[in-house]
Amino acid sequence: MLSPTPIGTFKRIAKVDLHLPNWISKEAHSLIRDVRSYIASVSSFPDCAIQLLQKKPQDRLTLDEVLQHPWILKYNPHLA
39 MLSPTPIGTF KRIAKVDLHL PNWISKEAHS LIRDVRSYIA SVSSFPDCAI
89 QLLQKKPQDR LTLDEVLQHP WILKYNPHLA
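Converting from the sequence shown to our numbering requires adding 38 to each position, the first position being numbered 1.
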């Protein structure tokens, strides 16, 4: 279900209001709805990205924390 306006879309994103079509299998629904656990299980996925994918803004890393995260500094040493 699409929102008729960009503001409506932004509100749905902020609420994590995810509606999946009925033609998607139950297995795919389960995987999509549990994406944070799936991402966390992939060892190559940086934990800073997981910390950015938090629903509540206060639970997310700040920009300063992101810029000082070891994974970011590994690939951007000029930020140190």
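Glycine included, C-beta positions come from ideal geometry on N, C-alpha and C.
- Distance from the CA atom of L58 to the CA atom of I88, rounded to whole angstroms, is 22 Å.
- Pairing P84 with W61 gives a Cβ-Cβ distance that is not under 8 Å.
- For I62, the three-state secondary structure derived from DSSP is coil.
- Counting only residues of its own chain and dropping the five nearest sequence neighbours on each side, L117 has a CB closer than 7 Å to the CB of L105, I110, L111.
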